[in-house]
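**Student:** Okay, handing you the structure first.
Residue numbers (the working numbering): 281 to 939.
What follows is the structure, given as structure tokens:
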């Protein structure tokens, strides 16, 4: 498995609408308007924005029954079972941020009323309560002032979960049918106010379009499992991070003590059938924390594995390897290069010169209560190694400058990716003018592995991961508008891997050839040579996609992305009848308005206007601000219902910025 990480969008991609406008399909719609293909003279269900009695676009009640499973996965028992014998530890753990990582919404988590306006995208957000439900509402306003009455409702969905302890912020997951979505609304603790979520502060933002996958909740939920191998539909077995995320599956341990009883001799640590992180070596113990706190731009997994395959006590490197590109333009940026705690700590001399310094040297995983005197407590940790070589700065100067706090100088706080929040740098160093001394990374804009050791991997496996990482990184840069790395990348090393016929490799080759074609088309002059190269790359993507789909028959993320690639290729080739079943499969296994729109375009081309109308309605139901969908639907209705067509066209024009 290959994972791409991008700001505000972690592993989540959408279909493209191919920029086929309503005007381009007009002739097809007219010629296809046979009595059997025409929509009804009056729409069976006009878009909710046209319903004068509708207060909102969509209020979807949570699905019947609890989304948490009663039965735990094989080998697991849940934190409640652990607490029966370890009540003191459990009570202490309940004070930690981990214990509040994901929970049901309460009134305290959801202050109601006007949340905020977002001028960049001309949207307003409101939080309100309806009985037991907390609702997040999104409206699009027109004109320069958010105080205008010229606005339209886009979405209104119930909050299902609150994500985050609230130490810095609270995110919200809302439900639409079978899918959990990220809300654009975030509560920022330092401001005591709602504002736009990280990654959404752009003129064109996702709204309620980001579907939460099982990998999205990996670091926030205690335990989850996918339903039918579809990452978009998963079961939460335990909400917040619990005991077994650090100690491993507890069923055998619980059964051992249930069967032996309190009077039996206590087994040795190795025989207790549970992982005790304190008994692990530093690399294995850090793997437990790193499963969530190790950030990356690209992650390459072992063949056939994903995040849930890692278990405490294992070397995380066997499950996955994290990579990050170094982009350092001057020395002032070097402290910012390490954008996660492990990357920072592993480059610190305190870590490199020690065999014992690790996460739990400072962080108690069972208790987040701050000590009465934090400065003294953390100074004591530092002095456990530095007692013979104390700070060279005079004591009176230290006390005057920062109350003699070691971390204030050697682990300064800095802005984070979360707005209105700062975090402590874990790059332990001597800083001058905000820059760490004696820390250097080559300014070569290349990927580097983020790990202390790759010794557990065979040379062949390490080569596979490095090769896939380079391609995945180039694909990721293309998606963000940087085309040259992928255009200039030679696919031969990837094609030559022993694993070249594995699903993961074929899927990556599919994405690489598809994105390379689009990059050439966008960034290079249109010449006979570039036109031929684009065609060649798209033809290759079709070959790789066909091979991938033949091997991956389950509705995994790999199959979803590959179906999208192949369906788009069929549209480009105007093989609309071949694209239709692919889009029909996509709309059944993921929530994406562009899938429905592209399906509608294909249906119009084969003269199935009634089905196209229904598909466009679905696209609008998912994205109430989808201007192209309104415009295309208006074109269809122009032959049977001029009034509805005019209303739809007016909405499309306003959403497109046309007055």
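Glycine included, every Cβ here is placed at the ideal spot set by N, Cα and C.
For residue 434, does the three-state DSSP call read helix, strand or coil?
**Tutor:** Residue state, collapsed to three classes: strand.
**Student:** Report all residues from its chain with a CB closer than 6 angstroms to the CB of residue 831; omit the five preceding and five following residues, and keep chain order.
**Tutor:** Cβ neighbours of residue 831 beyond the five flanking positions: 783.
**Student:** Just reading off the beta strand (DSSP E) that residue 685 is part of, what are its end residues?
**Tutor:** Looking at the DSSP string, residue 685 is not in any beta strand (DSSP E), and its letter there is neither H nor E.
**Student:** Closer than 8 angstroms by C-beta to residue 228: which residues in its own chain qualify, once you throw out the five before and the five after it? Chain order, please.
**Tutor:** Residue 228 lies beyond the range of the chain shown here (281 to 939); nothing can be said about it.
**Student:** Taking 8 angstroms as the cut-off, does the region 410 to 423 touch the region 553 to 561 (at least 3 CB pairs, one atom from each stretch)?
**Tutor:** With the cut-off at 8 angstroms, the region 553 to 561 and the region 410 to 423 do not touch.
**Student:** Report the CB separation of residue 773 from residue 790 in whole angstroms; it is logged as a contact under 8 angstroms.
**Tutor:** About 17 angstroms separates the two Cβ atoms, so there is no contact after all.
**Student:** Taking just the CA atoms, how far does residue 894 sit from residue 320?
**Tutor:** Caution applies to residue 320, whose pLDDT of 44 falls short of 50 and renders its modelled position unreliable; the value that the coordinates give is listed next. Distance between the alpha carbons of residue 320 and residue 894: 11 angstroms.
**Student:** Evaluate the contact criterion for the region 899 to 916 versus the region 877 to 886: three or more CB pairs, one atom per stretch, below 8 angstroms.
**Tutor:** These segments touch.
**Student:** On the three-state DSSP scale, how would you describe residue 628?
**Tutor:** Residue 628 falls in the coil class under three-state DSSP.
**Student:** Are the beta-carbon atoms belonging to residue 862 and residue 883 less than 8 angstroms from one another?
**Tutor:** No, the pair does not count as a contact, with Cβ atoms beyond the cut-off.
**Student:** Quick one: using the 10 Å Cβ neighbour count with 16 as the cut-off for buried, is residue 390 buried or exposed?
**Tutor:** Per the 10 Å Cβ criterion, buried.
**Student:** To test your reading of the DSSP string, which unbroken beta strand (DSSP E) runs of 3 or more residues are found completely within the region 762 to 835?
**Tutor:** You should have found no qualifying run.
**Student:** Three-state secondary structure (DSSP) at residue 585?
**Tutor:** Three-state DSSP puts residue 585 in coil, outside helix and strand.
**Student:** Classify residue 897 as buried or exposed, calling it buried when 16 or more other Cβ atoms lie within 10 Å of its own Cβ.
**Tutor:** Flag for residue 897 reads buried.
**Student:** How about residue 418 and residue 464: do their beta carbons lie closer than 8 angstroms?
**Tutor:** For residue 418 and residue 464, yes; Cβs fall inside 8 angstroms.
**Student:** According to DSSP, is residue 507 helix, strand or coil?
**Tutor:** Reduced to three states, the DSSP call for residue 507 is strand.
**Student:** Counting beta carbon pairs with one atom in the region 452 to 469 and one in the region 820 to 839, are three or more of them shorter than 8 angstroms?
**Tutor:** No, the region 820 to 839 does not touch the region 452 to 469.
**Student:** Looking at the unbroken alpha helix (DSSP H) that takes in residue 465, where does it start and where does it end?
**Tutor:** Careful: residue 465 lies outside any alpha helix (DSSP H), inside the beta strand (DSSP E) at 459 to 468.
**Student:** Note down the Cα distance separating residue 890 from residue 620, rounded to an integer number of angstroms.
**Tutor:** About 52 angstroms.
**Student:** To the nearest angstrom, how far is the alpha carbon of residue 335 from that of residue 433?
**Tutor:** For residue 335, the pLDDT reaches just 43, beneath the cut-off of 50, and the residue's location in the model is therefore unreliable, leaving the point undetermined.
**Student:** Are the beta-carbon atoms of residue 622 and residue 574 separated by less than 8 angstroms?
**Tutor:** In this structure, residue 574 lies closer than 8 angstroms to residue 622 by Cβ.
**Student:** Among 684, 908, 630, which one has its Cα closest to the Cα of residue 881?
**Tutor:** Out of 684, 908, 630, 908 has the C-alpha closest to the C-alpha of residue 881.
**Student:** Quick one: residues in its chain with C-beta nearer than 7 angstroms to the C-beta of residue 864, no 5 flanking neighbours on either side, listed in chain order?
**Tutor:** Correct list, in chain order: 879.
**Student:** Does residue 227 come out as helix, strand or coil in the three-state DSSP assignment?
**Tutor:** Since the first residue shown for the chain is 281 and the last is 939, residue 227 is missing from the structure and cannot be characterised.
**Student:** Could you please give me the residues that DSSP links to residue 410 through a beta bridge?
**Tutor:** According to DSSP, residue 410 bridges with 413.
**Student:** Going by beta-carbon coordinates alone, are residue 265 and residue 751 separated by less than 8 angstroms?
**Tutor:** It is not possible to answer for residue 265, since the shown part of the chain is limited to 281 through 939.
**Student:** Between residue 381 and residue 521, which are expected to be in contact by the criterion C-beta below 8 angstroms, what is the C-beta distance as a whole number of angstroms?
**Tutor:** So it is a contact: roughly 5 angstroms between Cβ atoms.
**Student:** With a threshold of 6 angstroms on Cβ separation, who are the neighbours of residue 631 within its own chain once the five nearest residues in sequence on each side are excluded?
**Tutor:** Within the same chain, residue 631 has close Cβ partners 625, 637.
**Student:** Does residue 660 pass the burial test, meaning 16 or more other C-beta atoms within 10 Å, or should it be called exposed?
**Tutor:** With fewer than 16 other Cβ atoms within 10 Å, it is exposed.
**Student:** Which residue from 708, 420, 398, 707 puts its Cα closest to that of residue 478?
**Tutor:** Nearest C-alpha to residue 478: 398.
**Student:** Any contact between the region 820 to 830 and the region 493 to 503? By contact I mean 3 or more CB pairs, one from each, below 8 angstroms.
**Tutor:** Short answer: they don't touch.
**Student:** Identify which residue in 516, 918, 562 has its Cα closest to the Cα of residue 440.
**Tutor:** That would be 516, whose Cα lies nearest to the Cα of residue 440.
**Student:** Considering only the alpha carbon of each residue, which of 583, 512, 852, 776 lies closest to residue 495?
**Tutor:** Nearest C-alpha to residue 495: 512.
**Student:** What is the rounded straight-line gap between the Cα of residue 866 and the Cα of residue 642?
**Tutor:** If I take the Cα positions, the gap works out to 47 angstroms.
**Student:** When the Cα atoms are used, what is the spatial distance from residue 535 to residue 527?
**Tutor:** Distance between the alpha carbons of residue 535 and residue 527: 15 angstroms.
**Student:** Check each candidate in 447, 507, 588, 483 and name the one with the smallest Cα separation from residue 468.
**Tutor:** Nearest of 447, 507, 588, 483 to residue 468, Cα basis: 447.
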